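Colleague: One structure coming up, written as structure tokens, with questions to follow.
Residue numbers (full-length UniProt numbering): 1 to 350.
Dropping the structure here:
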């Protein structure tokens with residue numbers, strides 16, 4: 001199957017009738033009953049090699065990967081396939097423009113955790129906006145805004161109201177919330193904060209790889225082989241982590257993004273979970289994998305990472321950390337926008 005066929009299969013399809021969908025699921029269930037492939041997982045050591053991107057939060061630990069699930073494509077039910085999804089994303093993203101003086105990135109970082117009484121789930125979020133210049137001698141601009149905390153679902157909202165609809169929650173030193181400047185440490189506040197805009201000449205246009213600084217994004221290879229060589233010396237889990245971070249956070253060329261997807265397609269341990277809705281309500285194709293990194297979450301159980309991709313553009317929509325046992329969302333970064341442009345609205349406001 002070539003990349004273009006993969007794109008055609010992953011384009012949005014018209015909804016199925018209940019009868020057709022039921023019949024397709026029954027056929028798929030029968031096929032799975034006859035032939036089930038169990039994929040082993042090799043837990044590799046955590047690599048000392050880190051990919052540090054300016055202003056980017058590290059993704060969380062994964063210790064489990066789900067088997068492939070069905071996905072609807074053009075009126076038929078077919079098993080999701082990570083290789084097909086990634087090659088389709090590579091073809092789509094290679095067609096996007098990467099010209100401009102600034103790489104603008106607007107992210108929503110969030111966590112979900114229980115209130116101190118463990119009665120309902122809260123979702124706390126903040127927006128992180130960065131404008132990275134193509135010229136490495138130019139300052140990078142940032143704006144962060146605390147977006148507040150609220151019940152994570154309608155069920156949680158009912159429990160929150162029954163508890164008196166509090167507007168703040170006190171946890172103490174080991175609060176599970178995001179690090180913000182809103183209120184004292186250990187206290188989560190519902191109210192939105194004020195935007196904080198600043199610039200830096202240190203966090204400009206860099207990736208640091210084991211002491212090898214790259215001060216220009218055109219130094220990043222544009223082939224899967226080149227990226228594999230760039231990230232040499234790490235195990236498979238660390239390589240997947242590095243490539244995913246590059247896709248989500250780095251202001252690289254469209255050819256480099258395409259190469260990153262093709263490299264992921266060749267990696268073991270990346271599994272498709274089919275069509276999913278991300279935390280901002282957008283639909284995309286989801287992949288899950290086991291991370292080799294330290295889990296940046298207070299949750300003590302087993303977790304997995306989920307990368308959601310827009311099949312139309314090939315751009316990542318979000319990266320999420322979920323509980324392996326029940327799929328509960330623990331933390332996430334949703335990409336509202338990432339684009340090359342000649343305008344920097346933060347700089348123009350100063």
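Backbone N, C-alpha and C define an ideal beta-carbon position, used for all residues, glycine too. Please read these numbers as outputs of a predicted model, since none were measured by experiment.
Would the beta-carbon of residue 245 fall within 7 Å of that of residue 93?
Modeller: Their beta carbons are not under 7 Å apart, which means residue 245 does not touch residue 93 by this criterion.
Colleague: What are the start and end residues of the beta strand (DSSP E) that includes residue 239?
Modeller: No beta strand (DSSP E) holds residue 239; the alpha helix (DSSP H) holding it covers 236-249.
Colleague: What residues in its chain sit with their C-beta under 6 Å from that of residue 132, if we drop five residues either side in the sequence?
Modeller: 103, 140, 205 and 251
Colleague: Does DSSP put residue 91 in a helix, in a strand, or in coil?
Modeller: helix
Colleague: DSSP on residue 305, reduced to helix/strand/coil?
Modeller: strand
Colleague: Closest to residue 338 by C-alpha separation, out of 291, 275, 281 and 249, would be which residue?
Modeller: 249
Colleague: DSSP on residue 345, reduced to helix/strand/coil?
Modeller: Collapsing the DSSP output to three states places residue 345 in a helix.
Colleague: First and last residue of the alpha helix (DSSP H) that includes residue 157?
Modeller: 154-162
Colleague: Looking at residue 284 and the ligand ADP, is the gap between the Cβ and the nearest heavy atom below 6 Å?
Modeller: As far as ligands go, the structure on display features none, and thus does not contain the ligand ADP.
Colleague: At which residues does the beta strand (DSSP E) containing residue 255 begin and terminate?
Modeller: Looking at the DSSP string, residue 255 is not in any beta strand (DSSP E); the run it does join, the alpha helix (DSSP H), is 254-265.
Colleague: Please say whether residue 334 and residue 242 have beta carbons closer to each other than 7 Å?
Modeller: No, these two residues do not count as a Cβ contact at 7 Å.
Colleague: For residue 186, which three-state DSSP category applies?
Modeller: Of the three classes helix, strand and coil, the one that applies to residue 186 here is coil, per DSSP.
Colleague: Return the CA-CA distance between residue 399 and residue 304, expressed in angstroms with no decimal places.
Modeller: Nothing can be reported for residue 399, as the shown portion of the chain is limited to 1 through 350.
Colleague: What three-state label does DSSP hand residue 111 in the structure shown?
Modeller: strand
Colleague: Going straight from the alpha carbon of residue 96 to that of residue 128, what length do you get?
Modeller: 23 Å
Colleague: For the beta strand (DSSP E) holding residue 144, just list the boundary residues, first then last.
Modeller: 140-151
Colleague: Give the DSSP-derived three-state secondary structure of residue 280 in the structure shown.
Modeller: coil
Colleague: Report the three-state DSSP secondary structure of residue 268 (helix, strand or coil).
Modeller: coil
Colleague: Touching or not, the stretch 180-199 and the stretch 153-164, by the rule of three or more beta carbon pairs under 8 Å?
Modeller: no
Colleague: Evaluate contact between the stretch 255-274 and the stretch 286-293, counting only Cβ atoms and requiring at least three cross-stretch pairs below 8 Å.
Modeller: Two segments are said to touch when three or more pairs of C-beta atoms, one from each, lie closer than 8 Å; by this definition the stretch 255-274 touches the stretch 286-293.
Colleague: Take the Cβ of residue 331 as the centre, count every other Cβ of all protein chains shown within 10 Å, and call the residue buried at 16 or more, exposed below.
Modeller: buried
Colleague: If you compare alpha carbons, which of 88, 176, 344 and 108 is closest to residue 317?
Modeller: Cα-wise, what sits closest to residue 317 is 108.
Colleague: Among 82, 91 and 225, which has the Cα closest to the Cα of residue 312?
Modeller: Distance from the Cα of residue 312 is smallest, within the candidate group 82, 91 and 225, for 91.
Colleague: Quick one: any contact between the stretch 223-237 and the stretch 186-194, if contact means 3 or more CB pairs under 8 Å?
Modeller: no
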